[in-house]
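Okay, structure coming up:
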């Protein structure tokens, strides 16, 4: 019989198993897909927070926390504001009650009184003594800032 050399076969057994290039590419694509899904989720979260900010709702405010988390409507500022109004979390813009208006005027009068040591000249006298239309407009603006309605004088 012939002698078989076993040394030739030993080299084949120690060789690394061949990698499947298709499987390697598939793993790479799966990894890229997971990364893109993560970025997409971050983008969606950021877009949602921006929509609430545009609607005038602070998503980090504890008062709005559950509203923001549970809101599943349209992400337009108008729709978010409408839902917040329905949940009575915010008051309608531009709709200030007469009581609130009166309270603000009283507060402004008190603050104006605390800032000045003396009452100063009357509003009517200041308007009569004004030398230009710009000065009169300035006097009216000052009175409005202090919560005083000069149309009643």
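Residue numbers (the numbering used here): 68 to 220.
Even for Gly, the Cβ is constructed at its ideal location relative to N, Cα and C.
Just to confirm my understanding: we take residue i, look at its own chain, exclude 5 residues before and 5 after, and list those with CB closer than 7 angstroms. What are they?
{"i": "residue 194", "result": "203, 206"}
{"i": "residue 134", "result": "151, 154, 156"}
{"i": "residue 131", "result": "124, 125, 156"}
{"i": "residue 217", "result": "190, 207, 210"}
Where does the unbroken alpha helix (DSSP H) through residue i begin, and where does it stop?
{"i": "residue 90", "result": "88-121"}
{"i": "residue 209", "result": "200-212"}
{"i": "residue 140", "result": "No alpha helix (DSSP H) holds residue 140; DSSP gives it neither H nor E."}
Mapping the DSSP letters down to three states, classify residue i as helix, strand or coil.
{"i": "residue 153", "result": "helix"}
{"i": "residue 169", "result": "helix"}
{"i": "residue 158", "result": "coil"}
{"i": "residue 131", "result": "coil"}
{"i": "residue 195", "result": "helix"}
{"i": "residue 147", "result": "helix"}
{"i": "residue 178", "result": "helix"}
{"i": "residue 185", "result": "Per-residue confidence for residue 185 stands at a pLDDT of 48, beneath the threshold of 50, marking its modelled position as unreliable; no derived number is given."}
Buried or exposed for residue i, going by 16 or more other Cβ atoms inside 10 Å?
{"i": "residue 95", "result": "exposed"}
{"i": "residue 110", "result": "exposed"}
{"i": "residue 148", "result": "buried"}
{"i": "residue 178", "result": "exposed"}
Spatial neighbours of residue i within its chain, please: CB distance less than 6 angstroms, with the 5 preceding and 5 following residues excluded, ordered by chain position.
{"i": "residue 114", "result": "none"}
Only counting the same chain, and skipping five residues up and downstream in sequence, which positions put a Cβ closer than 8 angstroms to that of residue i?
{"i": "residue 176", "result": "213, 214, 215"}
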